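One structure below.
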């Protein structure tokens with residue numbers, strides 16, 4: 002695999018760290034700015050909404066320049082946003098910094114997926130995409146726990162300063178290692194939006210929202226679930242999240258490897274297994290040992306869907322893949338927000354801390370049904386295209 006993928010993975014590591022580390026230092030941020038925890042939660046929600054809105058906007062604006070230049074610009078936005086967060090004098094400025102940093106998220110992964118896929122042979126595209134996303138999964142193993150520890154020991158501002166430094170390293174990596182690919186072909190806004198006329202693109206994004214949303218229905222409330230139901234200490238939850246991150250890492254690698262060989266069968270298996278694992282988690286969450294086994298399994302199965310879904314988007318929107326790819330990254334965050342809200346609804350209704358697992362299983366099951374529909378439509382489209390192909394013309398005698 003090309004070294005350019007390492008530069009993309011470093012950028013992904015920084016982005017993954019800044020997205021999730023806020024959850025570990027939220028009490029410290031709330032205390033310094035004298036706001037409530039629910040109010041400080043806007044630093045999480047604002048970031049997610051920024052990803053959803055920023056991905057299509059920046060991707061469209063970037064259609065007039067080369068993808069490498071756009072990646073460099075996005076890393077610059079990421080650096081500015083995190084530096085602003087680190088130096089924020091008020092909570093409002095901190096929120097603005099979070100939103101600015103989030104604008105780089107969706108477009109970076111969307112454009113980065115296209116660049117990664119273009120660096121390798123067609124049969125290795127999903128593997129290349131998974132290597133870029135490896136930075137995001139490693140962030141959940143090292144970056145988030147490490148950033149949380151630094152924030153608690155030296156202050157949360159130091160954490161965001163370090164994240165900004167990671168952005169500088171990612172910027173230099175892209176500048177030195179990512180080759181110049183020129184402007185995207187047919188780089189017109191109208192062409193990019195035309196990709197959304199394909200129902201398969203919408204189905205892929207729906208599978209992303211529901212499939213990965215199923216994971217976040219459970220993980221959003223993992224702290225109270227593990228402390229109140231499984232009986233773990235608060236410190237134990239940190240290590241459980243590390244296990245979850247390891248599962249994500251392994252699932253990402255396996256998802257990329259097998260998606261190159263059999264993309265749709267890979268989605269069928271992972272989504273079905275994810276729905277079953279989430280259902281089982283309502284039972285295994287009552288046991289510390291079984292919970293510690295189930296949690297990384299859910300992480301692995303959930304993230305194993307990422308490379309195949311990104312590759313499916315690139316295949317279905319091959320004429321103008323950049324915007325569709327970035328929009329699919331926004332769909333991940335939309336799924337996170339939707340699942341977290343639904344999980345909160347059932348908890349507030351009195352169904353207990355394990356009830357979000359039922360919601361997650363339902364979301365993953367629905368994504369599985371959509372994958373069946375996508376495969377059916379794809380086969381029908383191929384069959385129709387084959388039957389509609391004109392027969393070879395018979396030789397015609399020349400007329401004089």
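Residue numbers (this note's numbering): 2 to 401.
Cβ atoms here follow ideal geometry from the backbone N, Cα and C, with glycine treated the same way.
Remember, predicted model here, so these are calculated numbers, not experimental data.
Exercise. State buried or exposed for residue 261, treating a residue as buried only when at least 16 other CB atoms are found within 10 Å of its CB.
Key: Working through the chain shown from its first residue, we reach residue 261 at position 260. Label assigned to residue 261: buried.
Quiz item: Hey, would you say the C-beta of residue 276 is under 7 Å away from at least one heavy atom of the ligand ZN?
Solution: You won't find the ligand ZN in this model; it holds no ligand whatsoever.
Exercise. Out of 26, 3, 274, 116, point me to the one whose CA is closest to residue 419's CA.
Key: No answer is possible for residue 419: it lies beyond the span of the chain, which begins at 2 and ends at 401.
Quiz item: Considering only residues of the same chain and omitting the five flanking positions on each side of residue 163, which have a CB-CB separation below 8 Å?
Solution: Residue 163 sits at position 162 when you count from the first residue of the chain shown. In the same chain as residue 163, and ignoring 5 residues on each side of it, the C-beta atoms closer than 8 Å to its own belong to 148, 151, in chain order.
Practice problem: Within 10 angstroms of the Cβ of residue 225, are there 16 or more other Cβ atoms? Answer buried if so, exposed if not. | Solution: Numbered from 1 along the chain shown, position 224 holds the residue referred to as residue 225. By the neighbour-count criterion, in which 16 or more other beta carbons inside 10 Å mark a residue as buried, residue 225 falls on the exposed side.
Quiz prompt | Selected residue, minimal CA-CA separation from residue 15, among 37, 57, 113, 169 | solution = As a working mapping, residue 15 is identified with position 14 in the chain shown. In terms of Cα proximity to residue 15, the closest of 37, 57, 113, 169 is 169.
Quiz item: In or out: residue 20 buried (at least 16 other Cβ within 10 Å) or exposed?
Solution: Position 19 of the chain shown, counting from 1, holds the residue named residue 20. With a threshold of 16 other beta carbon atoms within 10 Å, residue 20 meets it and is buried.
Practice problem: Please check the pair residue 204 and residue 371, which I expect to be a contact at CB under 8 Å, by giving their CB distance rounded to whole angstroms. | Solution: Here residue 204 refers to the residue found at position 203 of the chain shown. Here residue 371 refers to the residue found at position 370 of the chain shown. The pair is a contact, with the Cβ atoms about 6 Å apart (cut-off 8 Å).
Practice problem: Taking only the alpha-carbon atoms, compute the straight-line gap between residue 331 and residue 141 and give it to the nearest angstrom. | Solution: Against the chain shown, residue 331 aligns to sequence position 330. Against the chain shown, residue 141 aligns to sequence position 140. Rounded to the nearest angstrom, the gap between the Cα atoms of residue 331 and residue 141 is 19 Å.
Quiz prompt | the stretch 208-217 touching the stretch 94-101, judged by at least three CB pairs closer than 8 Å | solution = Put simply, the stretch 208-217 does not touch the stretch 94-101. Fewer than three CB pairs are less than 8 Å apart.
Quiz item: What number of angstroms, rounded off, separates the C-alpha of residue 395 from the C-alpha of residue 131?
Solution: In the chain shown, counting from the first residue as 1, residue 395 sits at position 394. In the chain shown, counting from the first residue as 1, residue 131 sits at position 130. Only weak support exists for where residue 395 lies, its pLDDT of 46 falling under 50; the coordinates are left without a value.
Quiz item: CB residue 144 to CB residue 107, shorter than 8 Å?
Solution: On the chain shown, residue 144 is found 143 positions in, with the first residue counted as 1. On the chain shown, residue 107 is found 106 positions in, with the first residue counted as 1. No, they are not a contact pair.
Quiz item: Does the separation of the CB atoms of residue 237 and residue 227 fall below 8 Å?
Solution: To locate residue 237, count along the chain shown from 1; it is residue 236. To locate residue 227, count along the chain shown from 1; it is residue 226. Yes, these two residues count as a Cβ contact at 8 Å.
Quiz prompt | Minimum C-alpha distance to residue 342 - residue among 258, 288, 352, 217 | solution = Working through the chain shown from its first residue, we reach residue 342 at position 341. Of the listed residues, the one whose Cα sits closest to residue 342 is 217.
Quiz prompt | Residue of 119, 258, 347 minimising C-alpha distance to residue 307 | solution = Within the chain shown, the letter at position 306 stands for residue 307. Residue 307 has its Cα closest to that of 258, out of 119, 258, 347.
Quiz item: How is residue 253 classed by DSSP in three states: helix, strand or coil?
Solution: Here residue 253 refers to the residue found at position 252 of the chain shown. Note: residue 253 maps to helix in three-state DSSP.
Quiz item: Hey, residue 209 and residue 333 are a contact pair by Cβ (cut 8 Å); roughly how many whole angstroms apart?
Solution: Along the chain shown, read from residue 1 onward, the residue named residue 209 stands at position 208. Along the chain shown, read from residue 1 onward, the residue named residue 333 stands at position 332. With a contact defined as Cβ atoms closer than 8 Å, residue 209 and residue 333 qualify at about 6 Å.
Practice problem: Please classify residue 355: does DSSP put it in a helix, a strand, or coil? | Solution: For this step, residue 355 is matched to residue 354 along the chain shown. In this structure, DSSP gives residue 355 a state outside helix and strand, which the three-state scheme calls coil.
Quiz item: residue 111: which of 285, 315, 300, 277 sits nearest, CA to CA?
Solution: The sequence position of residue 111 within the chain shown is 110, counting from 1. The shortest C-alpha separation from residue 111 is found at 315.
Quiz item: Hey, out of 31, 49, 69, 103, whose CA is closest to residue 158's CA?
Solution: What you label residue 158 is simply residue 157 of the chain shown in a count that begins at 1. Minimum Cα distance to residue 158 is reached at 31.
Quiz item: Would you call the stretch 78-87 and the stretch 123-139 touching, i.e. three or more CB-CB distances under 8 Å?
Solution: Segments in contact, no.
Quiz item: Of the choices 288, 273, 197, whose alpha-carbon is the least far from that of residue 368?
Solution: On the chain shown, position 367 is the one that residue 368 refers to. Nearest option by C-alpha distance: 273.
Self-check item: Residues near residue 280 in its chain [Cβ-Cβ closer than 8 Å; skip 5 each side]
Solution: Locating residue 280 in the chain shown gives position 279, counting from the first residue. In chain order, 358, 359, 362 place their CB closer than 8 Å to the CB of residue 280, counting only its own chain and leaving out the 5 sequence neighbours on each side.
Exercise. Label residue 313 either buried or exposed according to how many other C-beta atoms from any shown protein chain fall within 10 Å of its C-beta, with 16 as the threshold for buried.
Key: Counted from its first residue, the chain shown places residue 313 at position 312. Counting Cβ neighbours within 10 Å, residue 313 comes out buried, since at least 16 surround it.
Quiz item: Between the C-alpha atoms of residue 200 and residue 89, what's the straight-line distance to the nearest angstrom?
Solution: In the chain shown, residue 200 corresponds to position 199, counting from 1. In the chain shown, residue 89 corresponds to position 88, counting from 1. A direct Cα-to-Cα measurement between residue 200 and residue 89 gives close to 43 Å.
Quiz item: Which word fits residue 23, buried or exposed, when buried means at least 16 other C-beta atoms lie within 10 angstroms of its C-beta?
Solution: For the purposes of this step, residue 23 is taken as residue 22 along the chain shown, with counting starting at 1. Answer is buried; the Cβ neighbour count reaches 16.
Quiz item: DSSP state of residue 262, grouped into three classes?
Solution: Reading the chain shown from its first residue, position 261 is the one you call residue 262. Coil, per DSSP.
Quiz item: Between which two residues does the alpha helix (DSSP H) containing residue 109 stretch?
Solution: Residue mapping note: residue 109 aligns to position 108 of the chain shown, counting from 1. It spans 92-119 - the alpha helix (DSSP H) in which residue 109 sits, taken as one unbroken run.
Quiz item: Taking just the CA atoms, how far does residue 34 sit from residue 285?
Solution: As a working mapping, residue 285 is identified with position 284 in the chain shown. As a working mapping, residue 34 is identified with position 33 in the chain shown. Using only the alpha carbons, I get a separation of about 39 Å.
Quiz item: Enumerated in chain order, which unbroken segments of the alpha helix (DSSP H) with a length of 4 residues or greater are wholly contained in the stretch 295-366?
Solution: Runs found: 307-317, 322-349.
Quiz item: So, using beta-carbon positions, are residue 384 and residue 178 closer together than 8 Å?
Solution: Within the chain shown, numbered from 1, the residue matching residue 384 stands at position 383. Within the chain shown, numbered from 1, the residue matching residue 178 stands at position 177. With respect to residue 178, residue 384 sits apart: the two C-beta atoms are not nearer than 8 Å.
Self-check item: Same chain, Cβ closer than 7 Å to residue 85, five either side skipped, listed in chain order
Solution: Sequence index remark: in the chain shown, residue 85 carries index 84 (1-based). Contacts found: 94, 97, 98, 101.
Quiz item: In its own chain, which residues sit with a C-beta less than 7 Å from the C-beta of residue 181, not counting the 5 before and 5 after it?
Solution: As a position in the chain shown, residue 181 is number 180, starting the count at 1. Contacts found: 67, 69.
Quiz item: In chain order, what residues of the same chain have a beta carbon less than 7 Å from the beta carbon of residue 244, not counting five sequence neighbours either side?
Solution: Here residue 244 refers to the residue found at position 243 when the chain shown is read from its first residue. Spatial neighbours of residue 244 in its own chain (CB-CB distance under 7 Å, excluding positions within 5 residues in sequence) are listed in chain order as 293, 296, 297.
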